[in-house]
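The structure appears right after this line, and notes come after that.
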Amino acid sequence: MADIESVLSFLPTLTHLQLMSEDRLLDTRLFDGSCWENFIRAKLPLLNKFEFYFSRIAITDPDCITVESVIASFRTSFWLEIKHWIVKCHHECGKYYPKYHLYSIPIIQDNFNCPEQRSMIRHSASNTADNDATLIVNAHRLSVDLSQIVGQAISDKANATMPYVFPNVTELKIVINEKWSASLGKHLYKIVTLWNLGTLWLDFQCECMSTVNLSVEMNTLLKLASNIRSLRISCNKSERMKMVTFNAICLTLPHHIKRLDADIMHVADAKTLLEQAQHLKSVTFRTIDPWYFAHEIDLWLWQMKRNTVVYQVDAIRLRRYDDFESNNAIHLWLGKDVNQQSSSSHSHKRIKLC
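Residue numbers (this note's numbering): 818 to 1171.
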C-alpha cells in the first residue's frame, strides 16, 4: 500500500484509477475502505472512477479478515453517497487454498471463466443492500462450459438470483462436454453481447451426443453474432466429432467468417473446404502430418490457380504416427494478389521442432 500511495501522491489531478493485484500475502490495507477513503480525500480529490480487483489468501488466525469485516469499511457515505462506488467482496474455495477477493462493480478482468469462478464462491457481500444484483464483468475473453452455464441458468431462475453479464466480451470459448444445448444462442444472449464478438472457439471435449441439428444451431448462433470473423473448432482427438463438425459447421460457414482453425485429418476434406469457402482469408488445419498436408494443398492450389502466397508449417515430432498434437498445423493465408505473390518466397515457410 505504501508503494501505491507514494506513486499516486504525485498525481493529484487523476480522475480515473484502475488497479489489479493478486498476491498470496497482499497488504491487508488494500482491503480497508477507511484507508482508501482517507488517501483519496487527501491526495486524489478529483478521482471520480476507481476500478480495482484485489485477491489474497485467507489466513485462519483469529485476527484475519472476513467478508463482512472487509465490506463494512466500504459502507460509508463517502463510498455510497459521494462517489457512488459499488464494491463487493467474496470468499472463494480455491483449488489449493481459500482466497478473498475484493473488487469494484463492474468487475475488471481480461479473462473470465464462467461459471467456474462463480461456483467456487462460498460467501459474498456488497456495500449496497442488493447483494444479488446482476454482476457486470468487463472481461474481453470469456470461457464458458456449455452444460454448466445452461444448468446455472436454470438454477438462477429457480433461486431468483441474477447471473453475471459480459457486455464487452470479444473472444468467447465454449467448452462442450456431453451434449450440445438446444437454443444455445438464446442462453448466450442473456449474458453476452453477441454482436461484440470477433472470435469464437468451440472446444468439443468428448463425443458430443447432439439431439438437435448442429448445423441449424450454429447458423442461428452465427446470425446473432454476425461480427465474428474468426472461428476455431477443436475436437480433442475424436474422429467422429471431426467429421460431424466438418460437415455441420465448416462446410456451411457464413461469409462474415474470414479465419478458420479446425482439426482436419484428410487432405480431401481440406480441398473440399477451400473450394466451398472461398471467402476465407486464412485457414489453419491441425493434422498429424502437416508437411504432407502442406505439399498436397500447395500443389492443388497451384493447379486450381488460387492466389495463395504464404503457408507456415508448425510441427512437433511425435512418438507414434497416430499420435495427435494440436500444435501440428499448416497455416494458409489466402487471396493475396499477384504482386504480393511474386514478392513472397519459400523463406516464409518454416518449421518448429521440439
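For glycine and all other residues, C-beta sits at the position ideal for the given N, C-alpha and C.
Asked	Found
Where T1037 falls: helix, strand or coil (DSSP)	helix
Reference C931; option with closest CA among H833, L1005 and S1000	L1005
Member of W1108, N1145, L1017 and L834 whose CA lies at the smallest distance from the CA of I1045	L1017
Check whether L869 and L828 have beta carbons under 8 Å apart	The question names Leu, but residue 869 is Phe in the sequence shown. Against a cut-off of 8 Å, the Cβ pair of L828 and F869 comes out as no contact.
Residues that A942 bridges to, as DSSP identifies them	C906
Backbone CA spacing between L1068 and L1039 [nearest angstrom]	14 Å
N- and C-terminal bounds of the beta strand (DSSP E) containing L919	K916 to I922
Residue ranges of each alpha helix (DSSP H) within the segment 1020-1108, 4 or longer	1031-1041, 1056-1065 and 1084-1093
Which of helix, strand or coil DSSP assigns to D844	coil
CB of L1151 within 8 Å of CB of S1099, strictly	yes
Contacting residues, own chain, Cβ-Cβ under 7 Å from H840 (five flanking each side not counted)	This sequence places Asp at residue 840; His is not what is there. Result list for D840: R873, in chain order.
Extent of the continuous alpha helix (DSSP H) to which L825 belongs	A819 to L825
Reduced DSSP category for E995 - H, G, I as helix; E, B as strand; rest coil	coil
Given I903 as reference, the closest of N944, L1011, H1148 and N1013 once Cα atoms are compared	N944
Expected contact under 8 Å - CB spacing of C1052 and D1080 to nearest Å	5 Å
Cross-strand partners of N930 (DSSP beta bridge)	S960
Secondary structure of I888, DSSP reduced to three states	helix
Environment of V1033 [buried if 16+ CB atoms lie within 10 Å]	exposed
Rounded separation between H940 and E909 - CA only	7 Å
A1146 - partner residues in DSSP beta bridges	R1103 and D1131
Residue range of the unbroken beta strand (DSSP E) whose run includes F856	Per DSSP, F856 belongs to no beta strand (DSSP E); it is in the alpha helix (DSSP H), G850 to K860.
Inter-residue Cα distance where the pair is E822 and F856	8 Å
Residue from F1110, T830 and L1031 with nearest C-alpha to A1065	L1031
Own chain partners of P1010 with C-beta closer than 8 Å, once the 5 adjacent residues on each side are dropped	A quick correction: the sequence has Thr, not Pro, at residue 1010. Same-chain partners within the cutoff: F983, P984, N985 and V986.
Burial state of P1107 (16 or more Cβ within 10 Å)	buried
Where I899 sits in the DSSP three-state scheme	helix
Where the alpha helix (DSSP H) through L1005 begins and ends	L1001 to Y1006
Of the listed residues F871, R846 and A859, nearest to S890 (C-alpha basis)	R846
Residue closest to L1090, alpha-carbon to alpha-carbon, out of L959, L1118 and Y920	L1118
Through-space distance from E854 to T832, alpha-carbon basis	15 Å
Unbroken beta strand (DSSP E) run spanning I874, endpoints	K866 to I874
Where I925 sits in the DSSP three-state scheme	coil
L952 (DSSP reduced to helix, strand or coil)	strand
Whole-angstrom distance between A875 and Y914, CA atom to CA atom	8 Å
Best match in M818, L834 and N994 for proximity to D844 [C-alpha to C-alpha]	M818
Inter-residue CB distance, S838 and F871 (contact presumed, cutoff 8 Å)	5 Å
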